[in-house]
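Q: Protein chains in written order, with this note's numbering: chain A, 100 to 210; chain B, 37 to 150.
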Amino acid sequence: GEDVEQSLFLSVREGDSSVINCTYTDSSSTYLYWYKQEPGAGLQLLTYIFSNMDMKQDQRLTVLLNKKDKHLSLRIADTQTGDSAIYFCAESNTNAGKSTFGDGTTLTVKP
Amino acid sequence: DAGVIQSPRHEVTEMGQEVTLRCKPISGHNSLFWYRQTMMRGLELLIYFNNNVPIDDSGMPEDRFSAKMPNASFSTLKIQPSEPRDSAVYFCASSLAGAYNEQFFGPGTRLTVL
Numbered sequence: 100g101e102d103v104e105q106s107l108f109l110s111v112r113e114g115d116s117s118v119i120n121c122t123y124t125d126s127s128s129t130y131l132y133w134y135k136q137e138p139g140a141g142l143q144l145l146t147y148i149f150s151n152m153d154m155k156q157d158q159r160l161t162v163l164l165n166k167k168d169k170h171l172s173l174r175i176a177d178t179q180t181g182d183s184a185i186y187f188c189a190e191s192n193t194n195a196g197k198s199t200f201g202d203g204t205t206l207t208v209k210p
Numbered sequence: 037d038a039g040v041i042q043s044p045r046h047e048v049t050e051m052g053q054e055v056t057l058r059c060k061p062i063s064g065h066n067s068l069f070w071y072r073q074t075m076m077r078g079l080e081l082l083i084y085f086n087n088n089v090p091i092d093d094s095g096m097p098e099d100r101f102s103a104k105m106p107n108a109s110f111s112t113l114k115i116q117p118s119e120p121r122d123s124a125v126y127f128c129a130s131s132l133a134g135a136y137n138e139q140f141f142g143p144g145t146r147l148t149v150l
């Protein structure tokens, strides 16, 4: 079945860039997503990318997709303490009717 | 819209008791998902429904777990009997079915089984 993997922890200093990486196995993935989960809350969509794109930029966020290597990354520029959260990578395809989520990367931003 | 609504937000119960978690999806959404989140196992998909019909319940851990969706605006997840290892945060999410599958998550129910 589909699998999505990401590293569990990342720690950066305030003002630095953060890069969170994700790999997936489903070659028919249509959309790939990044969700953010703040303490005590549910997941919320941060951004997504369609599989025929290789980059998407949205303010401080840059998503890179390498479809050949099935690798997705999320770069957060000028990371702030408010960016501390768990970030989940997910993918969906036309036929699945659902998304497959990774285990989440806990980002800690130190002042 | 108020978003996905879950109740209760917190539940503390004793081992062996029945627990019922409730979810109201976003109006107009036709897919509903139940997840469980723990430190040890991360985020697990338990079951999902499309147009009120269960599509995949392969993530339901045991027969002690059951889920229903009697109509488009309500779903329940029941654990009977509950065990301490069921302690977790349970999330309900809803979406529009399709290739683009943005899911809207509720705030979760934190379940503690003593």
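Cβ atoms here follow ideal geometry from the backbone N, Cα and C, with glycine treated the same way.
1. 8 angstroms is my cut-off, CB to CB: does residue 151 (chain A) come that close to chain B?
2. Would you check if there are 3 or more beta carbon pairs closer than 8 angstroms linking the region 140–147 of chain B to the region 41–58 of chain B?
3. For the beta strand (DSSP E) that residue 114 (chain B) lies in, which residues bound it at each end?
4. Between residue 62 (chain B) and chain A, is any beta-carbon pair separated by less than 8 angstroms?
5. Which chain A residues are close to residue 67 (chain B), counting only those with a beta carbon under 9 angstroms from its beta carbon?
6. Taking the beta strand (DSSP E) that residue 78 (chain B) falls in, what are its first and last residues?
7. Report the residues of the region 122–134 of chain B with a CB closer than 7 angstroms to any CB of chain A, ordered along the chain.
8. What in chain B is Cβ-close to residue 124 (chain A), meaning under 9 angstroms?
9. To test your reading of the DSSP string, which unbroken beta strand (DSSP E) runs of 3 or more residues are found completely within the region 107–154 of chain A?
10. By the 10 Å Cβ neighbour count, where 16 or more other Cβ atoms means buried, how is residue 154 (chain A) classified, buried or exposed?
11. Got a sec, what are the start and stop residues for the beta strand (DSSP E) residue 92 (chain B) sits in?
12. Looking at the C-beta of residue 105 (chain A), does it have a partner C-beta in chain B at a distance below 8 angstroms?
13. Can you list the residues of chain A that residue 139 (chain B) reaches, using a CB-CB cut of under 7 angstroms?
14. Could you round the C-beta distance between residue 203 (chain A) and residue 79 (chain B) to whole angstroms and report it? I think they count as a contact, below 8 angstroms.
15. Name the DSSP bridge partner or partners of residue 67 (chain B)?
16. Classify residue 180 (chain A) as helix, strand or coil using the three-state DSSP reduction.
17. Span of the beta strand (DSSP E) holding residue 51 (chain A)?
18. Helix, strand or coil: how does DSSP classify residue 121 (chain B) here?
19. Residues of chain A with CB closer than 9 angstroms to the CB of residue 91 (chain B), please, in chain order.
20. Below 8 angstroms on C-beta distance, what does residue 187 (chain A) contact in chain B?
21. Grab the span of the beta strand (DSSP E) containing residue 208 (chain A) for me, first residue to last.
22. Determine which residues of the region 87–118 of chain B have a Cβ less than 8 angstroms from any Cβ of chain A, and write them out in chain order.
A: Checking against the coordinates, here is how it stands:
1. Walking along the first sequence from the start, residue 151 (chain A) turns up at place 52. Cβ-Cβ to chain B under 8 angstroms: no for residue 151 (chain A).
2. yes
3. As a position in the second sequence, residue 114 (chain B) is number 78, starting the count at 1. It spans 110–115 - the beta strand (DSSP E) in which residue 114 (chain B) sits, taken as one unbroken run.
4. Here residue 62 (chain B) is taken as the residue at index 26 of the second sequence, counted from 1. Taking Cβ atoms only, chain A never reaches closer than 8 angstroms to residue 62 (chain B), which makes this a no.
5. Position 31 of the second sequence, counted from the start, is the residue given in the question as residue 67 (chain B). Ordered by position in chain A, the residues that pass the 9 angstroms Cβ test against residue 67 (chain B) are 196, 197.
6. The residue labelled residue 78 (chain B) in the question sits at position 42 within the second sequence. Here the beta strand (DSSP E) through residue 78 (chain B) covers 78–86.
7. 127, 133
8. Translated into positions along the first sequence, residue 124 (chain A) becomes position 25. Going along chain B, no residue has its Cβ under 9 angstroms from residue 124 (chain A), so there is no contact; the nearest lies around 16 angstroms.
9. 108–112, 117–123, 130–136, 142–149
10. Residue 154 (chain A) sits at position 55 when you count from the first residue of the first sequence. Looking at its Cβ environment, which holds fewer than 16 other Cβ atoms inside 10 Å, residue 154 (chain A) is exposed.
11. Here the question's residue 92 (chain B) lines up with position 56 in the second sequence. First-last of the beta strand (DSSP E) with residue 92 (chain B): 89–92.
12. In the first sequence, counting from the first residue as 1, residue 105 (chain A) sits at position 6. Residue 105 (chain A) does not count as touching chain B.
13. By one-based count along the second sequence, residue 139 (chain B) stands at place 103. Chain A residues near residue 139 (chain B): 198.
14. In the first sequence, residue 203 (chain A) corresponds to position 104, counting from 1. In the second sequence, residue 79 (chain B) corresponds to position 43, counting from 1. Residue 203 (chain A) to residue 79 (chain B), Cβ: 7 angstroms. Contact.
15. Along the second sequence, one-based indexing puts residue 67 (chain B) at 31. According to DSSP, residue 67 (chain B) bridges with B:86, B:131.
16. Against the first sequence, residue 180 (chain A) aligns to sequence position 81. DSSP places residue 180 (chain A) in helix when its eight states are reduced to three.
17. Because chain A spans 100 through 210 in this model, residue 51 (chain A) falls outside it and cannot be assessed.
18. Sequence index remark: in the second sequence, residue 121 (chain B) carries index 85 (1-based). Reduced to three states, the DSSP call for residue 121 (chain B) is helix.
19. Here residue 91 (chain B) corresponds to residue number 55 of the second sequence, with the count starting at 1. Chain A residues near residue 91 (chain B): 196, 197.
20. Translated into the one-based positions of the first sequence, residue 187 (chain A) becomes position 88. What residue 187 (chain A) touches in chain B: 79.
21. For this step, residue 208 (chain A) is matched to residue 109 along the first sequence. Element bounds for residue 208 (chain A): 204–209.
22. 91, 92
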